[in-house]
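This report concerns only the one structure given below.
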Amino acid sequence: MIEVKQISKKYGRKTILDGVSFTANKGEVTCLIGINGVGKTTTLKAIMGLTPYKGEILIDDQKMTNNSYEKITFIPDAPTMLPSMTVKQAMVFMEDFYTSWNPQRANQLMGFFKLKEETPISELSKGNTAKLNLMLGLSLDVDYVLMDEPFSGIDMFSREQIADVFASHLIEDRGVIITTHEIGDIEHLIDKVILLDNGKVLKEFNTEEMREDEGKSVVDVMREVYQS
Amino acid sequence: MMRYIKLVNFEINRFSKIYISLLLITLVSQLVGVIIGTKSFLNRALDIMLEEKISEAAYVTNYGGIDFTQIANSLWFQGPIALSAVALVFYIFLIWYRDWFGKNTFIYRLLMLPTSRLSIYLSKATAIFLMVLGLIALQIIILPMENALFNSYVPESLLNTEMSTSSIVKMNSVLNLVIPSTFTQFLLSYGIGLMAMSILFTAIMFERSFRIKGIILGLVFTGIAAALFLAPVFIMASESFYFYPNELFGIMTALGIIVTGLSIWLGSWLLKNRVTV
Amino acid sequence: MNVNTREPVYLQVVRHFKEQIAIGKFVAGQEIPSRRELAASLNINPNTAQKAYKEMEEQGLIHTERNFPSQITTNETILQAVRQELILAAVDSFVDAIRPINVPVDELLQVVKEKYSEEIREGEEK
Chain A
570 MIEVKQISKK YGRKTILDGV SFTANKGEVT CLIGINGVGK TTTLKAIMGL TPYKGEILID
630 DQKMTNNSYE KITFIPDAPT MLPSMTVKQA MVFMEDFYTS WNPQRANQLM GFFKLKEETP
690 ISELSKGNTA KLNLMLGLSL DVDYVLMDEP FSGIDMFSRE QIADVFASHL IEDRGVIITT
750 HEIGDIEHLI DKVILLDNGK VLKEFNTEEM REDEGKSVVD VMREVYQS
Chain B
162 MMRYIKLVNF EINRFSKIYI SLLLITLVSQ LVGVIIGTKS FLNRALDIML EEKISEAAYV
222 TNYGGIDFTQ IANSLWFQGP IALSAVALVF YIFLIWYRDW FGKNTFIYRL LMLPTSRLSI
282 YLSKATAIFL MVLGLIALQI IILPMENALF NSYVPESLLN TEMSTSSIVK MNSVLNLVIP
342 STFTQFLLSY GIGLMAMSIL FTAIMFERSF RIKGIILGLV FTGIAAALFL APVFIMASES
402 FYFYPNELFG IMTALGIIVT GLSIWLGSWL LKNRVTV
Chain C
871 MNVNTREPVY LQVVRHFKEQ IAIGKFVAGQ EIPSRRELAA SLNINPNTAQ KAYKEMEEQG
931 LIHTERNFPS QITTNETILQ AVRQELILAA VDSFVDAIRP INVPVDELLQ VVKEKYSEEI
991 REGEEK
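Structure, rendered in structure tokens:
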């Protein structure tokens with residue numbers, strides 16, 4: 570379980586996070602939604618130890634250490650490998666540094682996404698860059714996967730492929746946190762929703778319970794919360 | 162430990178194209194310098210001897226002969242050394258900033274490696290230090306070759322003295338700095354170099370952690386580090402206290418080690434706890 | 871399976887299974903996919919598949935013996951009831967839709983009869 574407890578963050582005078590708390594369970598997909606762009610990515614970075622913050626974050630009851638990066642991975646929405654590398658070289662790099670690298674899964678995903686090993690990363694389209702990021706991140710045998718806006722700025726067919734991978738490869742007993750500003754493609758895949766606005770959690774709910782108890786979709790709830 | 166070595170290897174590979182170019186430029190420029198320098202001297206000497214109808218011995222008495230120090234002082238010879246030095250100092254900054262900027266933000270990957278942030282910090286420092294040593298090694302290897310080439314070119318009668326490699330180094334302030342002849346000198350040149358690099362790295366970490374405020378903090382830190390290291394010199398300059406050379410050397414070595422250690426500790430602490438991707 | 875985002879997904883999966891049973895795609899005693907396979911094939915969350923299987927166990931539609939894949943029940947009464955339930959559910963929503971128009975029952979039945987046989991004929995021709 571990832572526990573985010575009362576975290577706050579400021580950039581200069583601007584408040585990005587103001588006492589955000591939530592938990593994300595293993596085996597569930599937790600979705601951080603915020604229309605106004607603020608705070609989602611910062612939350613993921615804070616969990617990953619990529620930016621300082623006030624408050625506490627625990628991963629399976631422990632603080633983040635170097636070895637946590639074998640257990641939890643982050644897939645940002647920008648390429649994280651050198652443009653001069655080829656896809657193959659990026660895979661070799663991952664294999665070199667992570668004991669949790671799973672080459673079988675990497676090959677499977679390479680095939681599924683139709684990526685070619687010899688392609689230089691600098692020549693990948695936006696959609697293929699997202700797929701490469703996903704392939705690299707999901708090929709680690711980790712317990713938790715954090716994804717930042719996996720669907721933004723990507724063509725429809727790539728989005729469908731990525732959503733497919735979600736169900737077949739991503740979840741598999743892992744805890745997943747994803748951020749998004751539009752829920753579209755994955756609404757039915759999400760277990761839990763956290764609505765953020767102005768650095769605060771506005772509402773937190775379980776999607777199936779919301780459908781069962783109130784007959785509302787995630788978009789219905791978003792409409793209520795953000796338009797009131 | 163394995164990951165640290167892999168990181169060093171990775172960092173060196175990333176700079177390898179430019180680095181190999183630097184090595185080649187040094188090699189070619191210095192060899193060209195030896196040939197051109199010698200040729201132009203010989204041509205000039207020959208012209209004068211023909212014009213004034215004097216012998217080689219008389220030419221040497223009147224105008225002076227040639228020796229390798231003249232070659233070593235030429236731009237062809239020292240230019241590439243300066244170029245390499247500038248490139249590596251520049252790379253001290255680039256080695257960090259290139260990971261943050263540009264379309265691909267490699268810093269995400271780097272900081273998410275299952276290795277301590279200290280090894281990331283040290284791997285970059287090690288890479289630069291090894292590259293400096295590599296350039297020095299090249300200079301040490303090619304200097305005797307250049308000297309031999311020079312000696313075979315110039316007729317003995319026009320040569321002031323046939324110099325040994327070590328006396329060439331001693332006679333030239335730049336070479337003397339980069340190729341230390343005693344252990345003390347080695348400590349001075351490279352110890353101070355390493356210290357300066359760790360201070361710069363830490364100043365960069367300040368900037369990456371606190372941005373504009375960080376630049377000021379970085380400058381303040383650099384000032385404090387320099388003041389600490391140079392404190393005994395200031396004390397002596399104020400004539401309130403006198404150190405024997407041995408004492409001064411000992412104190413400054415100790416201070417240098419402290420400042421370097423402090424910089425590395427602070428820099429890697431910032432990288433671990435304060436840096437924002 | 872088309873997902874309706876306002877209705878619990880696990881109930882939609884249960885209905886999907888009932889339809890498969892009603893049209894005979896799943897027969898008594900047949901092994902059903904693992905929850906992971908189901909999740910991948912329907913493009914849903916494995917938790918949802920898990921919950922759907924639990925619901926179906928509770929309704930007696932499937933049963934699982936320790937360490938074996940789940941199977942469709944062999945209880946004919948339950949299987950018949952599934953068919954009955956689907957028919958009733960469909961008729962219910964049809965009645966809900968037609969009620970405001972106030973059609974006399976006989977006329978309605980006549981139209982239904984014609985339409986339905988037409989649909990079946992067209993279906994068979996294809």
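Chains as they are written, first to last, in the numbering used here: chain A, 570 to 797; chain B, 162 to 438; chain C, 871 to 996.
Glycine residues also receive a C-beta, built at the ideal position from the N, C-alpha and C atoms.
Given that a residue counts as buried once 16 or more other Cβ atoms are within 10 Å of its Cβ, and exposed if not, what is residue i?
i: A:D760; result: buried
i: B:G198; result: buried
i: B:M366; result: buried
i: A:T599; result: buried
i: B:V315; result: buried
i: B:F344; result: exposed
i: C:N917; result: buried
i: B:S347; result: Note that residue 347 of chain B corresponds to Phe in the displayed sequence, not to Ser. Classification for B:F347: exposed.
i: A:I576; result: buried
i: A:M725; result: exposed
i: C:A960; result: exposed
i: B:F262; result: exposed
i: A:M663; result: buried
Would you kindly report the start and end of the unbroken beta strand (DSSP E) that includes residue i?
i: A:V857; result: Residue numbering for chain A in the displayed model covers 570 to 797; residue 857 of chain A lies beyond these limits and cannot be assessed.
i: A:I747; result: 744-749
i: A:L771; result: 769-775
i: A:D724; result: Counting along the chain, A:D724 falls outside any beta strand (DSSP E), and DSSP gives it neither H nor E.
i: A:K685; result: No beta strand (DSSP E) contains A:K685, which DSSP labels as neither H nor E.
i: A:L764; result: 761-766
Less than 8 Å between the C-beta atoms of residue i and residue j, yes or no?
i: A:D746; j: A:A647; result: Going by the sequence as given, residue 746 of chain A is Ile instead of Asp. No.
i: B:T363; j: B:V169; result: no
i: B:L272; j: A:L619; result: yes
i: A:F591; j: A:V573; result: yes
i: A:K769; j: B:V438; result: no
i: B:S359; j: B:Y165; result: no
i: B:A386; j: B:V420; result: yes
i: A:D717; j: A:I616; result: no
i: A:F666; j: B:L274; result: yes
i: A:K695; j: A:L684; result: no
i: A:E777; j: C:V879; result: yes
i: B:I145; j: B:Y282; result: Nothing about residue 145 of chain B can be read from this structure; chain B reaches only from 162 to 438.
i: C:D932; j: C:Q941; result: According to the sequence displayed, residue 932 of chain C carries Ile and not Asp. Yes, the pair counts as a contact, with Cβ atoms nearer than the cut-off.
i: B:Y224; j: B:I209; result: yes
i: B:N321; j: B:D228; result: yes
i: A:E799; j: A:K657; result: The structure shown does not extend to residue 799 of chain A, since chain A is modelled only from 570 to 797, so the question has no answer here.
i: B:L310; j: B:V195; result: yes
i: C:I914; j: A:H757; result: yes
In the DSSP assignment, find the unbroken alpha helix (DSSP H) run with residue i in it and report its ends.
i: B:I242; result: 236-261
i: A:I755; result: No alpha helix (DSSP H) holds A:I755; DSSP gives it neither H nor E.
i: A:V788; result: 787-796
i: A:L715; result: Where A:L715 is concerned, there is no enclosing alpha helix (DSSP H), although the beta strand (DSSP E) it sits in stretches over 713-717.
i: C:E901; result: Taken as a continuous stretch (DSSP letters only), C:E901 belongs to no alpha helix (DSSP H), as it is neither H nor E.
i: B:I373; result: 353-398
i: B:G428; result: 406-434
i: B:K121; result: Only positions 162 to 438 of chain B appear in the structure, and residue 121 of chain B is not among them; the question remains open.
i: B:F290; result: 278-314
i: A:G706; result: 695-707
i: B:A218; result: 217-224
i: B:L320; result: No alpha helix (DSSP H) contains B:L320, which DSSP labels as neither H nor E.
i: C:Y880; result: 879-892
i: B:Y269; result: 267-272
i: B:L336; result: 334-339
Cβ-heavy atom distance between residue i and the ligand FAD below 7 Å?
i: C:Q980; result: By its list of ligands, the structure shown contains no ligand whatsoever, and the ligand FAD lies outside what it can speak to.
So that I know if they touch, is there some Cβ in chain E lying closer than 8 Å to that of residue i?
i: C:Y880; result: This model lacks chain E altogether; the protein chains it does include are A, B and C.
- Message: For a minimum of 4 consecutive residues, which ranges assigned as the alpha helix (DSSP H) are wholly contained in the stretch 588-675 of chain A?
- Response: 609-616, 656-666
- Query: Taking Cβ-Cβ distances below 8 Å as the criterion, which residues of the stretch 249-269 of chain B are in contact with chain A?
  - Reply: G263, K264, N265, T266, F267, Y269
- Query: Which residues, taken in chain order from the stretch 613-625 of chain A, show a beta carbon closer than 7 Å to some beta carbon of chain B?
  - Reply: K614, M617, L619, T620, P621
- Task: Would you list, in chain order, the members of the stretch 585-600 of chain A that have their beta-carbon closer than 7 Å to a beta-carbon of chain C?
- Result: G596, E597, V598
- Item | Residues within the stretch 271-296 of chain B neighbouring chain A, beta-carbon criterion of under 7 Å | L272, M273, L274, P275, T276, S277
- Task: Select from the stretch 773-785 of chain A all residues with a C-beta closer than 7 Å to any C-beta belonging to chain C, and list them in chain order.
- Result: E777, R780, E781, G784, K785
- Length-filtered (4 minimum) alpha helix (DSSP H) runs lying within the stretch 906-984 of chain C: 916-928, 946-968
- What residues from the stretch 756-769 of chain A come within 9 Å of chain C, judged by C-beta to C-beta, listed N to C? E756, H757, L758, I759, D760
- Item | Positions along the stretch 353-380 of chain B whose CB lies within less than 7 Å of some CB in chain A | none
- chain B contacts made by the stretch 643-658 of chain A, where a contact means CB separation under 7 Å: F643, P645, A647, P648, T649, M650, L651, P652
- Query: Closer than 8 Å, Cβ to any Cβ of chain A: which residues of the stretch 898-911 of chain C, in chain order?
  - Reply: R906, A909, A910
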